[in-house]
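The block underneath contains the structure these notes are about, expressed in structure tokens.
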Amino acid sequence: MRYQRSRNKFRPQNRKDTLGSKDMEGNFFYEPTQQLDMVKNLINGRFSVLLLPTKLPEVQCWQIFAYNKVTEQIESLNIERSKDGLFNLQGMPATSTTGAAKSGLKFNGNGYVELPNVVNSDSGTLEFWVKFASLEDQILVDASTTFNPIGNADPILNVKYFYLAIANQKLRFGFEDATDKDFVLNAEQPVPSTRYWHHVAVSWNYKTSAGTAIAQLYLNGQLIGQLKDDKLAGSKPTLSSLFFGKIRPADNKGQPEHKSTAPFKGKIDEIRCWSVARTEADLSASLHRRLQGNEPGLVGYWRCDDGVGTRVTDRALHSELANANHGSIHGAVAWTWSDAPIETTEMSQTGFKIDNCTIASGISALLYYQQEEGATGYDNEPKPLKKNARVMLTVGVRKVGEGTIEIAVIDFGVSRNGKLAELPSVIELPSITSGEQPMPLQTIDSTGLSVSGAILRFAQFRSSRLNSIESAPLLFESANGRIALYFAAQDEKFSVAYYDPLTAKANYSLDASSIVPVGKLARSLSGTVAQFSLIRSADAVRRSISAGATLKLGTTLVTVKERVAKDATTVAIEPIQLTNSIPEGTAISLVEAGSITLVARTAGSLLDTATIAVENGSTPTTCTITLESTLESTALGIKEVWQDVPRHAEKFVRVLNGAASTDETDPYYYDYANVDVVEGPNSNPALGSLLFVAVNDRPQGEVGNTPAARLVTDPPTRSARWIADVPGQAMRFDGQDDYLAIAASPSKKLNSDNDLTLEAWIKPTNIDKTASVIHYHHDSDYTL
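So my numbering is basically just the index in the sequence shown, starting at one, shifted up by 285.
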């Protein structure tokens, strides 16, 4: 579309110029287009496209959901919208300095990760990020075979080895060809540090154009070792699956002496395997960036972002494979937060399956906003206000072994960068059988965004097709803010279900009283005390103290009985019996009540039963706070232990919200290594708590050891929920002259000589007087 007179996209020639597909002479406008080849294997029009907002008004992101008939996944593609309205395929590098790798794998020497045998070509590259716990001799990767004692087989000839290890604080790559020719490549310099993440890569080529075998070893994108063999190399031997963290063979028979056998200790992230020998330039260009998964030669891509479970998902997009090369965790390998320096771009692609279900219809998606009540307008009355952006996805699914098609709904949180909450590669959706039910929480990702979802058993779908395009459930945002889900029911009726997005967040209160200096005790106190004398010190606040206020004498708290003028030197208190004397000169302070409000990050009633406990820290000025969600599903439980958090209210809030400084010279410094995420996703504590946002109403207060109390305990916090029935009509009565008569001559069926039940739904505007709801006077007489 262009302006017809000026033939320009943006500038009309004059006020009469209008947009059109042709110019004034009838010639068509031809525009460059883009074809997204990463969206592939489509079938029957099963895709949906949205534009998502970001924190910058002029920047939006394309969000594409597409069903891949080969992988049987719903693929999620997020691309920044370019200035011309198309696609910014290059993306923009992340500006955050906190690292974007999210989760990784932590090895303690008692476990390993097994990846399928993808080292199956005569040339290839294996690369990953690693953070060593120590530089002692240890095995990193092993794909060696196990000795097979057939006949009089020589173990040295029987076993084929392929490994990457640390030896003498240097990387070592050992491998051999099918003719048992050995190659051992040692790095020229040691690994520089255990403090930082390092990118390790090894490439091999058994058959180069020159007829020689070559292996190259890289550290942080730089070549640190190379080995060439002048003799013609044989082909690559048949190897086993890759073990990360331990040697693969059950024993050392046939294993070379130059191979380390001690297990690996440290962290590993972002594992990639290629069927081509990558160059130094290739590695340097991509080692700090996420891949899309469709790069030429990429045969395995394990981002290690699952965060939970025992599967390590392969994110490579295998167009020819229905099943990817997923890895598995064995033993004591734990998911952990990873700050490996891997930047995400504004283009990302993931995929997921709905467990035990097949996709049976088109896809529909909708951007909407969660609503919360807030006082606004001239009357300052609570009204629904749009809050967090979310994306709802619907698709017809058929459970394995069942013939009925039902509608599956997945509801994603949206970040300020226009990204959806991360979802596991396989999700198991529970069923909702009726209306007035909130959607069950599926996961909370490492950034605190939530995903909910369910299969609506009350919304049975009848799929149809027009010109090879399948019908799909349709989502529409109503004028009243409700989400309408339109679908063709099994009985061919046009049906609708409503989703009410109005919700709220649980609030908890922590005591954060402030201490104001008043003076010092003029003389010591002991026994029963009803008053005392004080000396106003230079730093004391010159102000009156009201009756009922709390004073702190050292560690003893007393209650003021009568108002104390700002220059008074005698204070009357409620009598108190002292067990120990309070010496002369003890500091006297006024305790002013204050609080810190902890607001749940996740809306709804999920955190209504959270527990928040404050205990002593390692010093008098610090505390340990434990935040724990007590969700019904243990898989969704989150427990954070924040140690040695400053009690000072302002500093406390900064720490919990991820706003504390990492500079040790800054007065607002906090070491986020003190935070232990015991349960839940592997989040970065430096970004703040996953459970709560802290709000302070008294910056100078100090957090006490009292447990947090929920501000509103009844009823439960409101959750967004499905409403299966269409809202009906009601009658409104003014309480004066309005009434509804059934008929002038009512049927005798309304007479009752025996027991009788009357029922009605009512919503009274006031209840200060008696009123008749139903009255019958004929052969019988009764009133409700």
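C-beta atoms are modelled at their ideal positions from N, C-alpha and C, and glycine is treated no differently. Because the structure is a prediction, the values reported are computed rather than measured.
- Kindly list the residues whose CB is nearer than 8 Å to the CB of LEU606, restricted to its own chain and excluding five residues on each side of it in sequence; keep chain order. For LEU606, the predicted structure reports a pLDDT of 48, less than 50, and the residue's modelled location is therefore unreliable. The matter cannot be settled from this model.
- Touch test, the stretch 739-751 against the stretch 887-903, Cβ-Cβ under 8 Å, three pairs minimum: no
- Item | Burial state of ASN299 (16 or more Cβ within 10 Å) | exposed
- Task: Quick one: residues in its chain with C-beta nearer than 6 Å to the C-beta of LEU602, no 5 flanking neighbours on either side, listed in chain order?
- Result: GLY578 and ASN579
- Task: Going by DSSP, name the residue or residues bridged to HIS1060.
- Result: THR1068
- Counting only the same chain and skipping the five closest in sequence on each side, list residues whose C-beta sits under 8 Å from that of LEU863. LEU810, SER811, GLY812, THR813, VAL814 and THR841
- Could you give the distance in angstroms between the alpha-carbon of ARG457 and the alpha-carbon of ALA472? 6 Å
- Item | Close Cβ partners of LYS416 (< 6 Å) along its chain, the five nearest in sequence each way excluded | TRP482, GLY551 and LYS552
- Message: For MET677, list the residues DSSP reports as bridge partners.
- Response: LEU651 and ASP696
- Task: Could you check how far apart the C-beta atoms of ALA500 and PHE460 are, in whole angstroms? I think they sit under 8 Å.
- Result: 7 Å
- Item | Three-state secondary structure assigned by DSSP to ARG939 | helix
- Taking just the CA atoms, how far does THR911 sit from ALA898? 5 Å
- Query: Is the CB-CB distance between SER710 and GLY612 below 8 Å?
  - Reply: no
- Query: Are THR410 and VAL561 close, meaning C-beta to C-beta below 8 Å?
  - Reply: yes
- For CYS642 and VAL685, believed in contact at Cβ under 8 Å, the rounded distance: 7 Å
- Query: Between the stretch 717-727 and the stretch 662-672, do three or more beta carbon pairs fall short of 8 Å?
  - Reply: no
- Reference VAL245; option with closest CA among THR689, VAL694, ASN673 and GLY688: The structure shown does not extend to residue 245, since the chain is modelled only from 286 to 1069, so the question has no answer here.
- Among ASP948, GLY943, TYR954 and PRO338, which residue has its Cα nearest to the Cα of LEU972? GLY943
- Item | Host alpha helix (DSSP H) of GLU565 (start-end) | 565-571
- Could you tell me which residues DSSP puts in a beta bridge with ASP796? SER880
- Item | Bridge partners - HIS615, DSSP secondary structure assignment | TYR397
- Message: Less than 8 Å between the beta carbons of ALA570 and TRP414, yes or no?
- Response: no
- Rounded C-alpha distance that separates THR546 from TYR397: 13 Å
- Message: Using a Cβ-Cβ cutoff of less than 7 Å, which residues in the same chain neighbour ILE1047 once the five nearest sequence positions on both sides are dropped?
- Response: VAL1058
- Query: GLU913 to ILE881, Cα distance in whole Å?
  - Reply: 17 Å
- Task: Ignore the nearest five residues each way along the sequence and tell me which others in LEU787's own chain have a CB closer than 6 Å to its CB.
- Result: GLN656 and PRO669
- Message: Between ILE424, LEU891 and GLU935, which has its C-alpha nearest PRO725's C-alpha?
- Response: LEU891
- Rounded separation between ARG480 and THR595 - CA only: 27 Å
- Message: Between which residues of its own chain and SER1065 is the CB-CB distance below 6 Å, once the five residues before and five after are set aside?
- Response: ASN1036 and SER1037
- Item | Distance, ARG683 Cα to SER700 Cα | 31 Å
- Rounded distance between the beta-carbons of ASP591 and LYS387, thought under 8 Å: That pair is no contact at about 10 Å.
- Buried or exposed (CB count within 10 angstroms, at least 16 for buried), ALA979: buried
- Query: In whole angstroms, what is the alpha-carbon distance linking GLY733 and TYR955?
  - Reply: 21 Å
- Residue ranges of each beta strand (DSSP E) run of no fewer than 3 residues wholly in the stretch 775-831, ordered along the chain? 779-785, 792-806 and 813-820
- Buried versus exposed call for HIS484 [16 or more other C-beta atoms within 10 Å across all chains shown]: buried
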